Structure formats: C-alpha cells, structure tokens
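Heads up, the thing below is written out as structure tokens.
Residue numbers (the numbering used here): 11 to 1076.
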C-alpha cells in the first residue's frame, strides 16, 4: 500500500480543479478515501493507517491460526509448586537468608536431633484448633513445626519467615554463617535444657559436644596441669595447609614425629620468654603443652576458618585456599584414650560459600541422606539429587576465581574431595552394618502431622483455585477465538454496500486478549458539525454494516458513523483553504514585484518585519480558519495541519520571521496603539500592494502616508533625550570632583597609615562600584543619590569591624575615603550615617603607642556573635567542594605548573578576564552577612594590595580578627574536587577518594594543614575540614590481596553481627 502521506495527498488532489460550490458526493468519498483498495493478508507488514479499508496487522494474527491454550492465560501450572515424589522440600530465600537455609537443611537431616525435637512438649500445638492458622512462638516451636513441614509437606518449598522473624534477623543483610551456627545451637541447647523430659535436656551435648583438655607439663618437676574444656565444633585454621589432617594437627598444637600415632612428639615447646609458671616450682620453667582429645561427639562440626580478619585492611577477607578432605575420617590417632569409642566418621554434609568477598556471595549445602546415602544439593528453593550416590561439588569451585590468582585445583585421591569454597564439614560417626534400619525412621507426631495436614489442605485449595482460574481463562479465550473468527470474516466492507466507521484503537484492543474490551467511542472523531472529521479517517476503519451491528450489539457505544456521516461542510471548507493556499504563491510573487517599483500616489505604512513574513502569516491565518472546523482534539495521525501542509506545499512555506508575529502590521504599533515613531522599522507601499495584503489580513491596522506618529511617544522621546543630557553633565561634574576615587589613584591604606592624617572615612564598596558604573555609562545606568552606611552597622548602631579585622581581610567590604573627598561626597550624596576611623599616637618618655578607634564605636557583642556565626557556618555545610591533592613519595605536591587537563580549557583566559571585570554590585537591601558561602566568587585587586571579593565568596583561613576569603581555586595536576558534607565521616570520605584515585582506604594517609586525619568515625566538620579545603593524600604501596578492594566496596556500615537479635537473648 502507498505510504500514508501519499494517500493524504491523493485524497485532496482534486481541489485544484473544483470550486467549493461544485463539490459532489464523489469528491467527498475521495476525501474520506472510501474507495481506496483494501490490503490483502500478507501484503502489509503492519497496518496502513492512511487506508480505512486496511484490516491487516491489527492483532488478528493471534486468532486466525492454531491456538495454544497457554496463550489464553498467564497463570503458572500450580503443580509446578508441588513436591515431587521421593524428594526433599526447599526453603525460600527471604533476601539474604541463604546462610540460614543451609544450616536448617543440615540440622533437619540429623535424624536424632529431629526425633528429639518432635518429642518436645508443645501444648499450644497439641490444643490448636485447625480452623485458624497455627503461629508458633518459641524458637523450639518454630523449629519443630518447620521440620514437620520439611518432612511431610506437599509444597516444593516452604517459607521460613516465621522462624527468621522470631530470631529477629535482618533478611536483607548477610551475616557470618559460622557465628549463626554457634549461637543457634547454644540457644537451642538452652531451650531444650528446660524440658521436663530428661532425655531431651542434653540432646545437643550428645550430638555435638566433645571433650578435650589443655595439658602443660613442667620440664623441671614433671607436674602436669590439665585444663578440661568442651567443644561443639573444631575451628580449624586453613591458611598454609593443604588437607584436613594438617588442619586438625595444628589445632591440637601437635608437632609431627615419625607417625601420627607417636603422641609423645605431638607437643608445643614453652621456653625463653614464653616459659610457664609452675605452681610446684613457684617459678617460670620451660614446659611442653599439647591438647588431649578425650571424647568425640556423634556429629563433628569442622569449621574451616575461611573468613579471617586482615590487619592490613581492617576488614574481613575470604581465604580461597584449596583444602582436601576425606569421605571417611579416622579420628583415632588424635584421641588420648580410645577405650570403646567409635573413631571412624563419615562425611554427611559440606557447606559451601560461593563468591570471592567475605561480605557477599551465596551459601548452599551438600547433604547426604542418612536413609539412602544419596547426596543432595540444597540451594534455597532448588534441590538437586547427585548421580551415583557420590558427592559432586561441580561448578561450585569455578565461581570463586579471583582477579589476580587462579590457583589450579589439585588432584584428589579416591575417597577424597578438594574445595576452596567449603567453610564447614559435618562428619557423623560410622554406623555398624548390622545396625537396626528402623533407627533411620523418624515419625512426625500426630499433633504436628495435624498441623501439616492443615497446611497441605490450604495448599491443595490454592492449587484448585489456580486450576479453576486457568480453566476459566482458557474457556474465555476459546469463546473469544470463535467470536473473532466469526466477526473478522464479516469485517471487510464491499463496494456499493452499507458500511460504518469503527475506531482503529478499539479494534486493536478488542483483538488484544489482555485488555478488557470497553464500549465503542467515536466522540473523538467528530467535527464541529457532529460528523466524521476528514482528518480522523486515518484513525478509523470502514467495516461492513452487519459486522458493525454485531459489535455495537455486543459492546455498545456510539455515536455510529455510517455513509451519511461524511461531512460536506468540512470538505468544502478544506477545499476553500487549500485553493487559497495555492493562490497565495501567485500573490506572493506579484507583491514582491510591486514592492520593487517606485511609489507614485497615495501610500500606506507597512512594518518591514510584517512585509518580510507576510506569506507565512497568511498561511497561518488560513490554517487557523481550517482549524476552526476541526474538533478540539483534531490532529491528523499525530501531526498538526501546519506540519502536514507545509510539507505538502513546499519548503518556501516554512520561512521563519525574525520575530514571532501574531498579526500583520503589529510591529509598527506603539504601546499606546498609535503609529510607532521608529521610521526605520516601516516603509511605504502602494495602494495596489495594500489591497492584496488587506485581502489576507482584513483586521490588520491601517496607516496612511499622512498618518502622524504617536504624539505621546514623541513627547517621551524628547524627555528621554533631555534626561540623558542631564545625566552626562552630572557624571562629568562628579568625576572631575572625585577623579582619584574613580581612577583608584592615591588611595589611603590601613596597613600604612598616611602621614599628617588623623582620620579616614568609610563607605561601602558597593556604593563605589555603583557610582563608577554610572560615571562610565551615564545614559545606561541610574545616578547614585545616597550612601547606605547602615549596612556596615549592627542593629544597635555600632560598627561591625575592628582595625585588625579590616587589615586581615574585612577591608574587602569597604572603601577608604580622604577627608577632602568626604566633603565632596557629603555635598553630592545623602549619607544616612557617617563612619570614620581615627588615628592617635600617645607618647611617653620611654615609648609611644598607636591607637585606632572608629566612630560609631565598635559593638563588641554583635562582633563576637558575627565571628561565632562565621565559624559555625564553616562547620555546618551540606554540600561543599573540597580538593584532594595527591602527594608523591618525596612529599612534594605533583608539579603545579600545569593545570589539570580535565579542567576547563579556557581557565587561563577566564582568569585574565576577571582582572578586567567590574566588581559586581552587592545587594543594597540584603543583610550584611559576609559569612555566607557562595560558589564561584571572583576577586579584584584593591590599591592597598589586599584582595577584595567581587561577591560573597568562600573563606579559606581563620585569623584572630575575622575570616579571610580565598582566591579562586585553581585545580592542579593530581588534584580532584569532591562534594562533601560536614556530618559525613572520614571513612565515607576515604571511600570517595578510593573511587576518585583508585587508592584503598587502608593505603590512604590524609592530612590538612600538616595535621594527620586518622579517626575514621569522626565527622569532617569536627576534623576542621571546611569548604575549599585542600587535603593532601599520600598513598602507601598497595597490598598483594586485590580481592580486599572488593570487600571495602561492600562495607558501608560497621559490622554489628547478631547484636539485637533473638540469638543473643534480645
């Protein structure tokens, strides 16, 4: 099909030959594109919006082919949430609770622990009414109910949020998994010890508790000093070791002899400064020390200490060391006296941490089923069974590849496994082959099974509801399918048969199953005559009358637009406007030629800007006439008539006038409605030209050649000229009387008091700036009539500055005046309050002293408050710029000669321009708070050599008399600007510096004005870091562990561990 613009042009091509009064029904149908051929399926990639007969690509493709029932709904199969046969149940990850889920799965597979928990008394659960939801309260109740669900639930995974909430854990913060294990078992032991059943009181001890003792033997007297202790897990250092045996050996503080069984050589020497105080000898003696293992629990938890504190970084880091461990572990060689203890253990669980950093990553567990000996991987909701009853760590060892070090995985012997991500190994004592298999069966108590059945019933109801919703959606979709197939065949309108117009958007929504079909709304398509607007035909589709009747019958709506709704009035008006537009080009050429001729006879004044843009104004006027026939929402296919017709009739119609013109000749009308006095902006045209222009602009103002300019404007112009002459004379007179003040020559200074002078006068620098501006441009600036010295006074009428403060920087706010100049100023200007500074010398026989005083006197109370406010403002800022400058090893700042390349390329030119700029004015009405900080302050040089700010700028240093402002900061190579606030900590700043300079916080040595910044928790305000401060950065050599940098990115707040949680009794 032809493009939309071509269809629009073809719809109105006939207007060049047909007058509005000669329009026929045929022309109207052409304008509405009734007879444009319909598109066939496959001919269009998308729907032709310009063709009302194109019904292809409106969403019918989804309904006319084979239909997949799943396309009728977005509801997942509820059976996907159902637990598969002979599989275990997963646990939902609540955000960062994967470490909790792994331990829960490991403890669930400890059959004796599970069996004991089921025996705990739970009156609330036993007496619970199943009509309401069961809500456990104590930790034991939560774990009991959770284990029952893990055992007999129909769900594929369950939500542990009840237990997590009862423990008070933060679901968004990942915690130390090993610490969680210790604290939870300790809490569970304390809870079970309060049970009435004596067999339950020491379940944790029986399962996890072993005994050892620290034995120290004096070499002098042979006295042995044992210190017995219990353990629930063995914390094994893995740094520098390759296998589990080495780790256990180091834990027991053994020294290797010829064999592991040679216990006499497994000891630690205590001599020299490390000698032992023997109570028998009553003195320090050399001794030997070792750990004796006396008994082992049924389940040994071996904590591999992968997460260690790094003294260099001040943070935890992960050791990605490969450790080899056996499937069968013989602890006999490490026991002091075996007696009848079982010493052979089988691997039952491996807990994995995936990730490089100690502050992020993911926890999973590999657990062996005690009944079948099959291995399973528990990854939150997902559970995977390993093949062949073998532990397969698989991809878990490929995820922790570090940036700098990729150690090759060592080869493992048969019966051994290697891992660099395992952080806990669980070994269970090996059972005898003829053991009773019934010991592996754990039955859920009846009172708990009743609660599980209640939860399963709720789950089955949910499954049925989801299945019903899926079925309803499918049935609805099939009915819609039949409806669409039936109606789509009826939609195309045939030539000569009745038809109606239906909105294209409505048809698309009708075919979009995800959108509820509303009533048909044609109100947006109506013109001012209540019929179908010609410009809206591209947004509607012409359908057969039977199809339209069925759609209106089923969905309602209106008004219905049939063949009688084609608007003759709109077509006629459009025809008239288009014909005038065509005529406009001919008139434009004729007017252009007539204007070039010499004027003879009566003439008319026309604005030059109006004459240059009259064709565009005429076009806009015609289009406004066209818009009057359109509906208030009327635009054609998203484009206004302006843009469409401009493109249609050539680029010459897109001329732009120099000014935004609304009506013709408005550019020569003054503010009083008369003829403008600016003759350069108008010209005379002949009456013939004016008649043609008047035809297009009948409401334009008309001015004949004899029309006089506005008398009010003439009078005002003369008054303005007179005022300018007076201002020039005033400026010359004042300049001649105060020439040195204007040229800044022979100015008094406070640092070198003029001889034979005992008084100087003070005026605000703002007054001098405004006065100079008037002297330079008297016709453009207003004359200065008064001096507001009250700006320099406090509310009590006292002066705000001391002599010392003026010398040290506050002089930038004032200008010093000679007494002779003050006489002139007092005569020329109104002064609200004279201010003077007096000099006196008192001589004594031995020496002489100089004193300075001001009139009015200094107000000490307001002066102290002023300084206090300045100091506070510098300590309380929310967003300010400071500069961090990197220092080389020899402590010299990086070469200052060249500015930093990322600064503005025109910075030097800007500084030169600042030397030439006039000092900008200070707000006369504003409060004289010179302590206010403002970015970008510029400075000019005073004749006394002190620097004066051109506006309220930033301060740099604090002195006794006040605060001196800094010059404009120029960034140097190796220096970067940072945005900081006073209440952020030094640690936060170090992290910003790390991003800017790629220097880790622990490698940063920061100082300001020679003072080292070391307290990370202190705020920048308390450390004396103020806006525009320069902080020196000296970087130490980076450490070898590059993964520590990732840890720093993760640590934003100090670690609090499980503080405030139920694990610590809170």
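C-beta atoms are modelled at their ideal positions from N, C-alpha and C, and glycine is treated no differently.
Since we're looking at a predicted model, the values are computed, not measured.
Legend entry - Reference residue 506, options 552, 521, 231, closest by Cα: Counted from its first residue, the chain shown places residue 506 at position 496. The option with the nearest alpha carbon to residue 506 is 552.
Inset, instruction - Consult DSSP for residue 332 and reduce its assignment to one of helix, strand or coil. - result: The residue given as residue 332 occupies position 322 in the chain shown. Of the three classes helix, strand and coil, the one that applies to residue 332 here is coil, per DSSP.
Inset, instruction - Give every residue of the same chain whose Cβ lies closer than 6 angstroms to the Cβ of residue 26, excluding the five residues on either side of it in the sequence, and list them in chain order. - result: Position 16 of the chain shown holds residue 26. Taken in chain order, the list of residues that qualify is empty.
Legend entry - Bridge partner(s) assigned by DSSP for residue 427: Position 417 of the chain shown, counted from the start, is the residue given in the question as residue 427. Note: residue 427 sits in a beta bridge opposite 335.
Inset, instruction - Please determine, among 242, 355, 887, 246, the residue with the shortest C-alpha to C-alpha distance to residue 333. - result: Mapped onto the chain shown, residue 333 falls at position 323. Ranking the options by Cα distance to residue 333, first place goes to 246.
Legend entry - Nearest-angstrom beta carbon gap, residue 615 and residue 713 [assumed within contact, 8 angstroms]: Translated into the one-based positions of the chain shown, residue 713 becomes position 703. Translated into the one-based positions of the chain shown, residue 615 becomes position 605. Yes, they are in contact, since the Cβ atoms of residue 713 and residue 615 sit about 4 angstroms apart, within 8 angstroms.
Legend entry - Enclosing alpha helix (DSSP H) for residue 209 [first to last residue]: Stepping through the chain shown from its first residue, residue 209 is reached at position 199. Residues 208-211.
Inset, instruction - Identify every residue that forms a DSSP beta bridge with residue 1028. - result: Indexing the chain shown from 1 puts residue 1028 at position 1018. In DSSP, residue 1028 forms no bridge with anything.
Inset, instruction - Just tell me which of 389, 339, 395, 372 has its CA closest to the CA of residue 437. - result: For the purposes of this step, residue 437 is taken as residue 427 along the chain shown, with counting starting at 1. Ranking the options by Cα distance to residue 437, first place goes to 339.
Legend entry - The beta strand (DSSP E) enclosing residue 1015, as first and last residue numbers: Walking along the chain shown from the start, residue 1015 turns up at place 1005. First-last of the beta strand (DSSP E) with residue 1015: 1014-1018.
Legend entry - Simplified DSSP assignment, three categories, for residue 579: Along the chain shown, one-based indexing puts residue 579 at 569. Residue 579 falls in the helix class under three-state DSSP.
Inset, instruction - Would you mind reading off the limits of the beta strand (DSSP E) that contains residue 165? - result: As a first step, residue 165 is located in the chain shown; it is residue number 155 there, counting from the start. No beta strand (DSSP E) contains residue 165, which DSSP labels as neither H nor E.
Inset, instruction - Whole angstroms is fine: what's the gap from residue 901's alpha carbon to residue 892's? - result: Position 891 of the chain shown holds residue 901. Position 882 of the chain shown holds residue 892. Note that residue 901 has pLDDT 42, beneath the 50 cutoff, so the model's placement of it is unreliable and no number is given.
Legend entry - Distance between residue 290 and residue 231 (C-alpha atoms, nearest Å): On the chain shown, position 221 is the one that residue 231 refers to. On the chain shown, position 280 is the one that residue 290 refers to. Cα to Cα, the separation comes out at about 8 angstroms.
Inset, instruction - Determine the direct distance from the alpha carbon of residue 786 to that of residue 918, and round the result to whole angstroms. - result: Within the chain shown, numbered from 1, the residue matching residue 918 stands at position 908. Within the chain shown, numbered from 1, the residue matching residue 786 stands at position 776. Low per-residue confidence applies at residue 918: pLDDT is 40, beneath 50, and the placement is therefore not dependable, though the value from the model is reported in the following sentence. Roughly 27 angstroms between the two C-alpha positions.
Legend entry - Separation of residue 214 from residue 196, as counted between CA atoms: Along the chain shown, one-based indexing puts residue 196 at 186. Along the chain shown, one-based indexing puts residue 214 at 204. So the alpha carbons of these two residues sit roughly 9 angstroms apart.
Inset, instruction - Taking the CB atoms as reference points, tell me whether residue 699 and residue 601 lie closer together than 8 angstroms. - result: Translated into positions along the chain shown, residue 699 becomes position 689. Translated into positions along the chain shown, residue 601 becomes position 591. Result yes, Cβ atoms of residue 699 and residue 601 sit closer than 8 angstroms.
Legend entry - Straight-line gap, residue 331 to residue 188 (C-alpha atoms, nearest Å): Position 321 of the chain shown, counted from the first residue, corresponds to residue 331. Position 178 of the chain shown, counted from the first residue, corresponds to residue 188. About 18 angstroms.
Legend entry - Pick from 594, 597, 542 that is closest to residue 580, judged by C-alpha positions: Taking the first residue of the chain shown as 1, we reach residue 580 at position 570. Cα-wise, what sits closest to residue 580 is 542.
Inset, instruction - Please go through the same chain and pick out, in chain order, the residues whose beta-carbon is closer than 8 angstroms to the beta-carbon of residue 30, but skip the five residues on each side of it. - result: Here residue 30 refers to the residue found at position 20 when the chain shown is read from its first residue. Excluding residues within five positions, the ones whose Cβ falls inside 8 angstroms are 582, 583, 585, 586, 589.
Inset, instruction - Report the residue from 90, 1046, 1072 whose alpha carbon sits nearest the alpha carbon of residue 1082. - result: Absent from the structure is residue 1082, since the part of the chain shown begins at 11 and ends at 1076.
Legend entry - Range of the contiguous alpha helix (DSSP H) that encloses residue 113: For the purposes of this step, residue 113 is taken as residue 103 along the chain shown, with counting starting at 1. Its alpha helix (DSSP H) spans residues 108-118.
Legend entry - Every unbroken alpha helix (DSSP H) within the segment 588-641, with a cutoff of 4 residues, ordered by chain: 618-622, 624-637
Legend entry - Inter-residue Cα distance where the pair is residue 283 and residue 297: Your numbering for residue 283 matches position 273 in the chain shown. Your numbering for residue 297 matches position 287 in the chain shown. Distance between the alpha carbons of residue 283 and residue 297 is about 12 angstroms.
Legend entry - Cβ neighbour criterion (16 or more within 10 Å) applied to residue 1038: By one-based count along the chain shown, residue 1038 stands at place 1028. Buried, by the Cβ-count rule.
Inset, instruction - Within the segment 761-815, note down every full alpha helix (DSSP H) run reaching 4 residues or more, in order along the chain. - result: 775-786
Inset, instruction - Would you mind working out which of 286, 419, 514 sits nearest residue 66, comparing C-alpha positions? - result: Along the chain shown, one-based indexing puts residue 66 at 56. Considering only alpha carbons, the answer is 514.
Legend entry - Three-state secondary structure assigned by DSSP to residue 513: Locating residue 513 in the chain shown gives position 503, counting from the first residue. Residue 513 falls in the strand class under three-state DSSP.
Inset, instruction - Check each candidate in 697, 703, 682 and name the one with the smallest Cα separation from residue 675. - result: One-based indexing of the chain shown puts residue 675 at position 665. Per the Cα distances, 703.
Inset, instruction - With DSSP as the reference, label residue 1055 as helix, strand or coil. - result: Residue 1055 sits at position 1045 when you count from the first residue of the chain shown. A caution first: residue 1055 carries a pLDDT of 46, below 50, which makes its placement in the model unreliable, though a value can still be read off. Reduced to three states, the DSSP call for residue 1055 is helix.
Inset, instruction - Put residue 992 into one of helix, strand or coil per three-state DSSP. - result: One-based indexing of the chain shown puts residue 992 at position 982. If DSSP states are grouped into helix, strand and coil, residue 992 belongs with coil.
Legend entry - Euclidean distance between Cα positions of residue 180 and residue 369: To locate residue 180, count along the chain shown from 1; it is residue 170. To locate residue 369, count along the chain shown from 1; it is residue 359. Looking at the two C-alpha atoms, the distance is approximately 15 angstroms.
Inset, instruction - Could you name the residues of the same chain whose beta carbon sits closer than 7 angstroms to that of residue 1071, not counting the 5 residues immediately before and after it, in chain order? - result: To locate residue 1071, count along the chain shown from 1; it is residue 1061. Excluding positions up to five away in sequence, the list reads 177, 178, 179.
Inset, instruction - State the CB to CB distance for the pair residue 299 and residue 226, rounded to an integer number of angstroms; the pair is presumed to be in contact (CB under 8 angstroms). - result: Numbered from its first residue, the chain shown carries residue 299 at position 289. Numbered from its first residue, the chain shown carries residue 226 at position 216. Contact flag correct, Cβ pair sits at about 5 angstroms.
Inset, instruction - Pick helix, strand or coil for residue 1071, following the three-state DSSP scheme. - result: Translated into the one-based positions of the chain shown, residue 1071 becomes position 1061. Coil at residue 1071, not helix or strand.
Inset, instruction - For the segment 283-336, list the beta strand (DSSP E) runs that are entirely contained and at least 3 residues long, ordered along the chain. - result: 286-288, 293-295, 297-305, 309-314, 317-320, 325-328, 333-336
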